[in-house]
Amino acid sequence: MKRRTLVLGTAAAAIATFGAGALLLRPEPDAPVASNAPQPGSALVRPGTPILGPEDAPVTLVEFFDPACEACRAFHPVVMDILARYPNRVRVVMRYAAFHDGSEEAAAILEAARKQNLFKPVLEALYEAQSQWADHGTPRLEFAWNAAAEAGLDIELARRDVQSFAIKSYLARERQDIETVGVRQTPTFFVNGRPLMQFGKDQLIEMVRVQVEALDG
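What follows is the structure, given as structure tokens:
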């Protein structure tokens, strides 16, 4: 119980810390933003990007995330709640922003998991074990691999896949896109091409709600 309390407290602190930084980085209110869902091929949504929810959903929530990011872990249940609330209306496009030490390998594990149709369970396993492997100074990736294996990943196959040209080139493109979009912190959210102007759980839920209800208006 004490460990769970500590983990939850750390995650809450991570959200608060990121929120302060996000306010400094948010665009001016009158900055031009897209009014429609981003098209595949843009720097926000690329063909073949991991998607949670129906691929043809009319509302697109893009999340730039880092598997080692405490705030990303804390926001994951919020994102899942949004999908549960709008199961046919919202899709979540997952984009890697591997800013922490060890995050690039963790992202490669997730791409290997995607090849085995295990992206979501392995992502959740990495978040669950995050405190074990995601030491920002000296990451211990063997614990990330162990967590992925417990989620059902074929480790022998995955270790070959993470060295493949396909995964290496995919992650290189992700690095280019975070530069193009200007992502500096994680998680960073966009809803139908619009950046989340004020960081927070309620703000994200409200922004998605407005976009969904606009479809029914």
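Just so we're aligned: the sequence shown equals residues -9 to 207 in our numbering.
Positions of the beta carbon are idealized from the N, C-alpha and C atoms, including for glycine.
Does the distance from the C-beta atom of residue i to that of residue j stay below 8 Å?
i, j, result
"I41", "R81", "yes"
"K191", "V68", "yes"
"A88", "D56", "yes"
"F133", "A119", "yes"
"L34", "F189", "no"
"I99", "V49", "no"
"R75", "A47", "no"
"A96", "A115", "no"
"V173", "F54", "yes"
"R36", "R163", "yes"
Helix or strand or just coil, what does DSSP make of residue i?
i, result
"T50", "strand"
"M197", "helix"
"P77", "coil"
"V247", "The question about residue 247 has no answer, for the chain in this structure spans -9 to 207."
"P111", "helix"
"R163", "helix"
"A204", "helix"
"P238", "Since the first residue of the chain shown is -9 and the last is 207, residue 238 is not available in this structure."
"R130", "coil"
"F89", "coil"
"L15", "Because L15 carries a pLDDT of 34, less than 50, the predicted location of this residue cannot be relied on, and the following value inherits that uncertainty. Residue state, collapsed to three classes: helix."
"L147", "helix"
Determine the burial state of residue i: buried for a count of at least 16 other Cβ atoms within 10 Å of its Cβ, exposed for fewer.
i, result
"N182", "buried"
"Q201", "buried"
"T178", "buried"
"G92", "buried"
"A58", "buried"
Going by the DSSP bridge assignment, what does residue i pair with across the sheet?
i, result
"T178", "F54"
"V83", "I41 and V52"
"R184", "V181"
Following a CB-centred definition, is residue i positioned closer than 7 Å to any heavy atom of the ligand MG?
i, result
"V202", "As for the ligand MG, it is missing from this structure, which has no ligand bound."
For this session: Give a yes or no on contact between the stretch 158 to 168 and the stretch 115 to 125, applying the rule of three or more CB pairs nearer than 8 Å.
Result: no
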